[in-house]
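Participant:
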Amino acid sequence: MRSYPDPHLLNADLHCHSNVSDGKLSPAELARVAHENGVRVWALTDHDEIGGIAQAACAAKALGLHFIAGVEISVTWANETLHIVGLNVSPDDNSLLHGLASVRAGREARAREMSGQLALAGIEGAYEGAMKYVGNPDLISRTHFARFLVSQGCCADVSEVFQKYLTPGKPGYVPHQWATLTQAVGWIKAAGGQAVIAHPGRYRLTDLMMHALLEEFKELGGEGIEVVTGSHTVDQYARFAKVSLSYGFKASRGSDFHGPGESRVALGALPALPDGCVPIWHDWNME
Ligand code: AMP
Ligand code: MN
Ligand code: MN
Ligand code: MN
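Residue numbers for the sequence shown follow our numbering, so the first one is 749 and each next one is one higher.
Next comes the structure, spelled out in structure tokens:
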């Protein structure tokens, strides 16, 4: 058993993406960067896909880095897209595998429609262009379109592309129906994992709707929320630390790293969880 003086001081990074979804690095490269940056417990959480887990686990083992198999599932709830992270999922579970395949299935048609919309806005060949950035043909995402648009000089960076083209109301945005919250939590639990609401501060929900989401998630067996994430401001760390305590959720921590130059926070480079939070890893066996 490894011993850590205080679970709050453990450098756990439980949210990031490889090129199996919309990250830039391979799972093995991410393991190396996590290790170099002092991460002690690391999870790979690709969008709607666990195809990178085997490579990540193998690379982490060689480095002596404790690895957690994870996933980030796209959900539609109350007309809003939410992300639910699953941690400690079994990558062989059929319910999870089939569920994720069903979520991925709509991405191809959505990408073609996005491309059509972008063509109407004067940007030709976006589907083919985005595909050049795709590492896994099963998982074309808005991020790949954003990288292509940057390469064409349409915008200075990925975040400007999202603002101008890829968010609701903008010319390249195509609404999409993802999994239900019930399905996502159900698949994660069927695979023996813990469900965690990713970056709750990012959702455009009123306080009342946020309350409804947290209650429903709890009812379904959700166990945690991200408190310290690359997507939150310092004020949001404090807000969601309070939320985790008042609703009885454990707190998670993850950079949401997508690659060098594209992420606000590097792997492992986050502050500790605020005092009082119960870390999602507090009862994990880290042998
Ligand atoms: P998709 O699942 O194809 O809708 O793509 C979602 C991904 O787009 C997220 O996981 C982020 O990586 C990226 N994304 C969403 N909004 C933004 C934004 N405003 N700026 C940069 N990246 C974003
Ligand atoms: Mn992403
Ligand atoms: Mn997300
Ligand atoms: Mn993410």
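Where is the CB? At the ideal position from N, CA and C, for every residue including glycine.
Alpha carbon to alpha carbon, how far is G1024 from P919? Give it in angstroms, no decimals.
Facilitator: Going from the Cα of P919 to the Cα of G1024 covers about 44 Å.
Participant: Run through DSSP, which three-state label would L866 get?
Facilitator: If DSSP states are grouped into helix, strand and coil, L866 belongs with the helices.
Participant: Kindly list the residues whose CB is nearer than 7 Å to the CB of A782, restricted to its own chain and excluding five residues on each side of it in sequence; keep chain order.
Facilitator: Once the five neighbours on either side are set aside, the close Cβ partners of A782 are D761, W790, L813, L1015, G1016.
Participant: Which residue marks the beginning of the alpha helix (DSSP H) containing I801, and which one marks its end?
Facilitator: Run containing I801: 801-811, per the alpha helix (DSSP H) assignment.
Participant: I'd like the list of long-range same chain contacts for F997, defined as Cβ closer than 6 Å, with 5 residues on each side in sequence excluded.
Facilitator: Excluding sequence neighbours, F997 sits near G972, I973.
Participant: Can you determine whether any heavy atom of ligand 4 sits closer than 8 Å to the C-beta of H814, and answer yes or no?
Facilitator: Outside the cutoff, so no.
Participant: Name the one or two DSSP bridge partners that I832 has.
Facilitator: Answer is I821, I945.
Participant: Looking at the unbroken alpha helix (DSSP H) that takes in S899, where does it start and where does it end?
Facilitator: It spans 890-899 - the alpha helix (DSSP H) in which S899 sits, taken as one unbroken run.
Participant: Please report the distance separating the alpha-carbon of V803 from that of A857.
Facilitator: A small fix is needed here, since residue 803 is Gln in this sequence, not Val. Approximately 29 Å between the Cα atoms of the pair.
Participant: Would you please state the rounded distance, in angstroms, between the beta carbons of V819 and G834? I believe it to be under 8 Å.
Facilitator: Between G834 and V819 the Cβ distance is about 5 Å, and since that is below 8 Å, they are a contact.
Participant: Tell me whether P919 sits in a helix, a strand or coil according to DSSP, three-state version.
Facilitator: The answer is coil: DSSP assigns P919 none of H, G, I, E or B.
Participant: On the criterion of 16 or more Cβ atoms from any shown chain inside 10 Å, does D983 qualify as buried, or is it exposed?
Facilitator: Per the 10 Å Cβ criterion, exposed.
Participant: Evaluate E797 with the Cβ neighbour count: other Cβ atoms within 10 Å of its Cβ, from every protein chain shown; 16 or more gives buried, anything less gives exposed.
Facilitator: Answer is buried; the Cβ neighbour count reaches 16.
Participant: Report yes if the C-beta distance between N836 and W1032 is below 9 Å; otherwise report no.
Facilitator: Yes; because the gap between Cβ atoms is below 9 Å, this pair is in contact.
Participant: Would A999 and V976 be called neighbours here (beta carbons separated by less than 9 Å)?
Facilitator: Against a cut-off of 9 Å, the Cβ pair of V976 and A999 comes out as a contact.
Participant: Measuring straight from C-alpha to C-alpha, what distance separates L887 and A805?
Facilitator: Whole-angstrom Cα-Cα distance: 21 Å.
Participant: What is the DSSP secondary structure of A701, reduced to helix, strand or coil?
Facilitator: Because the chain spans 749 through 1035 in this model, residue 701 falls outside it and cannot be assessed.
Participant: Buried or exposed for A817, going by 16 or more other Cβ atoms inside 10 Å?
Facilitator: By the neighbour-count rule (16 or more Cβ atoms within 10 Å), A817 is buried.
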